[in-house]
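Residue numbers (full-length UniProt numbering): 1 to 385. Notes to accompany the following structure.
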């Protein structure tokens, strides 16, 4: 077997250690017996009495050679146990450096804890790199897909005006404005997700009565919801909550817009309540619900069901991802479940006192918000058949 690098160093070190040990034992034994039996140094001048015989020299040489072979054997075994995972990591690092993110190292003998930890840490890093690369490709493809339609429409219409095919008064500017607004929403959603993923989303936390905020958003969306055949019913708790009011309006807007695009026409129930120190914001639609296999992924970016993908007026696929990102920024979470009537129930929850205790919040913002809206229930729009 050819010994190179660290393997050779281990074998040579073990061999030198063995030779030194033998010499130390041999010389130490002579010194011990000389002192123990009070041998006169003058007697050492008589070599015939104290010099090793030929048999003794052969025995010493045999023991030394046996010790060297034994040291080399165990050194090779030890080097193999140590170097197998290290060489595997080195080979995998080389493959990753050349773009093969699927490369994984093999720990081999896990009794060497440090090398096993090294391999596990490398594999964990490689998995994150591969997952990040895969998500990056998915995001790039999805973003390109979402941008292609509005950009094509805008470019085609404007090119037609430039070429004289369309006259300016013939162009449907509201439709073009709708495409531009869609691009604006896509850009803002991407910005929100980027800030959330990087941990740089800044929240302006204040004690807020979300009844007023939710009712304002409901009034803004009432014409669109009514035109789509939805009747929105509110069941709101006036309990103040510490949150970023602008971000929560964004959450409510995204939830209602998602329901308008994908739910069956009918009643939408939007409610809030406080439960076990958590503030719950919940929207339930009339159906058709979210498939069980899609429910765990509904808050991931660009995840839509097959039916939603085929709809002409489908959204960007980022709305619910933004909802989940804002919930996480508030120290909460977002979840999806099936309602009693078969529709989807989307729930956003976060700590009522997220960010600071009530006393500190009151000192910083002029005291807790008070409101006469202890509970609110209202109907916005009617169902059209």
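Just so it is clear, CB atoms sit at the ideal spot from N, CA and C, and this is done for glycine as well. All of these numbers come straight from a predicted model, not from anything done at the bench.
Leaving out the 5 sequence neighbours to the left and right, which residues in its chain are closer than 6 Å to residue i when beta-carbon positions are compared?
| i | result |
| --- | --- |
| residue 269 | 233, 284 |
| residue 328 | none |
So, for residue i: in the same chain, excluding its five sequence neighbours on each side, which residues have a beta-carbon less than 8 Å away from its beta-carbon?
| i | result |
| --- | --- |
| residue 246 | 204 |
| residue 389 | The structure shown does not extend to residue 389, since the chain is modelled only from 1 to 385, so the question has no answer here. |
| residue 21 | 67 |
| residue 168 | 161 |
| residue 15 | 68, 71, 72, 75 |
Please report the straight-line C-alpha distance between residue i and residue j, rounded to a whole angstrom.
| i | j | result |
| --- | --- | --- |
| residue 332 | residue 225 | 28 Å |
| residue 105 | residue 133 | 19 Å |
| residue 82 | residue 23 | 29 Å |
| residue 118 | residue 90 | 11 Å |
| residue 217 | residue 272 | 14 Å |
| residue 99 | residue 137 | 14 Å |
| residue 279 | residue 208 | 12 Å |
| residue 151 | residue 88 | 48 Å |
| residue 115 | residue 86 | 7 Å |
| residue 128 | residue 238 | 43 Å |
| residue 347 | residue 79 | 57 Å |
| residue 219 | residue 154 | 30 Å |
| residue 338 | residue 170 | 47 Å |
| residue 387 | residue 265 | Any property of residue 387 remains undetermined from this structure, which presents the chain solely from 1 to 385. |
| residue 313 | residue 289 | Residue placement at residue 313 is flagged as unreliable, the pLDDT there being 49, under the threshold of 50; a coordinate-derived value is accordingly withheld. |
| residue 75 | residue 112 | 15 Å |
| residue 213 | residue 249 | 6 Å |
| residue 190 | residue 223 | 27 Å |
| residue 308 | residue 206 | Its pLDDT being 45, under 50, residue 308 is placed unreliably in this model, and the value from its coordinates should be taken loosely. Taking the straight line from one Cα to the other gives about 37 Å. |
| residue 176 | residue 292 | 37 Å |
| residue 357 | residue 210 | Below a pLDDT of 50, predicted positions are generally treated as unreliable, and residue 357, at 45, falls in that range; no measurement from the model is reported. |
| residue 253 | residue 236 | 16 Å |
| residue 240 | residue 107 | 54 Å |
| residue 187 | residue 109 | 50 Å |
Name the one or two DSSP bridge partners that residue i has.
| i | result |
| --- | --- |
| residue 268 | 232 |
| residue 347 | 282, 335 |
| residue 274 | 279 |
Could you check where the alpha helix (DSSP H) with residue i kicks off and where it finishes?
| i | result |
| --- | --- |
| residue 181 | 173 to 198 |
| residue 298 | Counting along the chain, residue 298 falls outside any alpha helix (DSSP H), and DSSP gives it neither H nor E. |
| residue 167 | It is not in any alpha helix (DSSP H) - residue 167 carries neither H nor E in the DSSP assignment. |
| residue 71 | 54 to 97 |
| residue 352 | Element bounds for residue 352: n/a, residue is neither H nor E. |
| residue 204 | Unbroken run through residue 204: none, as it is neither H nor E. |
| residue 238 | No alpha helix (DSSP H) holds residue 238; DSSP gives it neither H nor E. |
| residue 340 | No alpha helix (DSSP H) contains residue 340, which DSSP labels as neither H nor E. |
| residue 214 | 210 to 227 |
| residue 326 | 319 to 329 |
| residue 246 | 245 to 262 |
Using C-beta distances below 7 Å, list every residue in its chain close to residue i, excluding the 5 sequence neighbours before and after it, in chain order.
| i | result |
| --- | --- |
| residue 103 | 92, 95, 96, 126 |
| residue 321 | 193, 299, 300, 301 |
| residue 364 | Because the pLDDT of residue 364 is 38, which lies under 50, any placement of that residue in the model is unreliable, and the number read from its coordinates should be weighed accordingly. Excluding sequence neighbours, residue 364 sits near nothing in its chain. |
| residue 11 | 3, 72, 75, 76, 79 |
Which residue comes first and which comes last in the beta strand (DSSP E) that contains residue i?
| i | result |
| --- | --- |
| residue 284 | 278 to 284 |
| residue 110 | From DSSP, residue 110 is part of no beta strand (DSSP E); its letter is neither H nor E. |
Chain C beta carbons: is any one of them nearer than 8 Å to that of residue i?
| i | result |
| --- | --- |
| residue 150 | Given the protein chain composition of this structure (a single chain), no chain C is represented. |
Does the ligand ATP have a heavy atom nearer than 7 Å to the CB of residue i?
| i | result |
| --- | --- |
| residue 254 | You won't find the ligand ATP in this model; it holds no ligand whatsoever. |
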